[in-house]
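As structure tokens, the structure follows; a few thoughts come after it.
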Ligand code: GLN
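See the structure below:
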């Protein structure tokens, strides 16, 4: 059962082979056994999960089931969910219990899905290894000395270790795709504005986008069907008709034009990762796709541009955590200013403080023009590169991450090395495009390698089909970690 796809689980529930309560208990037992090692979940509430499962069983019995009714999912701890603690991986929100549901949570509740718990993450989604969490690092189920990637590291680890059927993540610069790659699962960041950010704690609002993390492209499509949709409470939510992302899943790939950006295969990419990606491209050619060489000349500026813009937005978004209304307040202080200072100094971790300082600096008088404005201009150039590329190809492919999972502590002292983990994913967020990572083999050390797919705006269905066809022809996505 733990290896079943969402479609198979849905069928098993409909045929009464298993109840949602039984399925939920199965996962809760696995979590109880494996979470002490993996640290993938920060909050569990079995009673709440089982109550939801019971309600789902009633929906199933009454014939009101939808495709995800009764299926146990894990929610990244960045989504507010009524009654659940929502920490965003921070001491600042250690005891914050959300009084309302994020739009994404609401959608899953309406679909009758079960919330198994909240997954660990880098503090305020800032990181690529899940080591910045106040609740401790998450471990990679393929090798527990290795990181799972970040910031949605808990979600990736949980999905890979079969602690849930599927999970949610968020991606500001790669946080769905990079951990998906490092843990050998599938994950998609949709076009910016497709999934409402209401109730999703903000990091960099012009880049943040939620999406599913699951074991296959087909499962991602089913999850995305529930997550998307217009929401007037998010001013950047797009007013578009609801799509069925499974609709194109069986299209043949004959004639599909795959763009290979030369910049994604240059120095800095590990050999074993490059080999897996090349083998995947060869498989696509066997399936009838054709390869086109393209160039994204400004993509080399994506990381520096991101590390101006994302911290700028973060410094503004995180100013709300001041110890006054909610969140951590320092126990001892002399006056209001002292209370602000101590609460923020004690409530935020080192990486978050680094971002707030960078962001405040690049927005300050005299530096705004030199850094922030410049970065905005280059952001536009990066988007224009993609627009030009999509006149030549249908989908862009390359590596998701320059290496397989690195060891815990390996990049801890070197933020720039850590930032380079997202060198292939960040440009996609800057342009607002949809991007996805799927498993495409294993590196020298036996750890998973991810293939990245990048689509044009609103081409998720086509991209999911390209991923699904590959998964029909290969079995990388079915491999499960054996030693956990
Ligand atoms: N690793 C990147 C960062 O640290 C991206 C994080 C994300 O996508 N949330 O900012």
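Residue numbers (our numbering): 17 to 500.
A virtual CB, placed ideally from N, CA and C, is assigned to each residue, including glycine.
- Judged by beta-carbon spacing, residue 279 lies beyond the 8 angstroms limit of residue 254, meaning their Cβ atoms are not closer than that value.
- Measuring C-alpha to C-alpha distances from residue 251 to each of 293, 277, 208, 398 identifies 208 as the nearest.
- For the pair residue 241 and residue 159, the Cα-to-Cα distance works out to about 32 angstroms.
- In this structure, the beta-carbon distance from residue 193 to residue 353 does not fall below 8 angstroms.
- Distances taken from the Cβ of residue 429 to the heavy atoms of ligand 1 include none shorter than 7 angstroms.
- Taken from the Cβ of residue 422, every heavy atom of ligand 1 lies 7 angstroms or farther away.
- Beta-carbon to beta-carbon, residue 69 and residue 135 are separated by about 18 angstroms, too far to satisfy the 8 angstroms threshold.
- Look at residue 273 here: in three-state DSSP terms it is strand.
- For residue 92, the enclosing beta strand (DSSP E) starts and ends at 88-92.
- The beta carbon of residue 178 sits closer than 6 angstroms to the beta carbons of 18 from its chain, once the five residues preceding and following it are set aside; these are given in chain order.
- By the Cβ rule, the region 60-77 counts as touching the region 28-46, because three or more pairs are nearer than 8 angstroms.
- When DSSP states are grouped into helix, strand and coil, residue 411 belongs to the strand group.
- Counting every other CB atom within 10 Å of its CB across the protein chains shown gives residue 475 a total of 16 or more, marking it as buried.
- Taking the CA atoms as reference points, residue 189 sits about 20 angstroms from residue 120.
- Taking a cut-off of 8 angstroms for Cβ pairs, the region 214-222 and the region 430-439 do not touch, as fewer than three such pairs fall below it.
- Under DSSP, residue 226 forms a beta bridge with 186.
- Just measuring C-alpha positions, the residue of 200, 333, 364 sitting nearest residue 345 is 364.
- Under the three-state reduction of DSSP output, residue 159 falls in the strand class.
- The C-beta of residue 304 has fewer than 16 other C-beta atoms within 10 Å across all chains shown, which makes the residue exposed.
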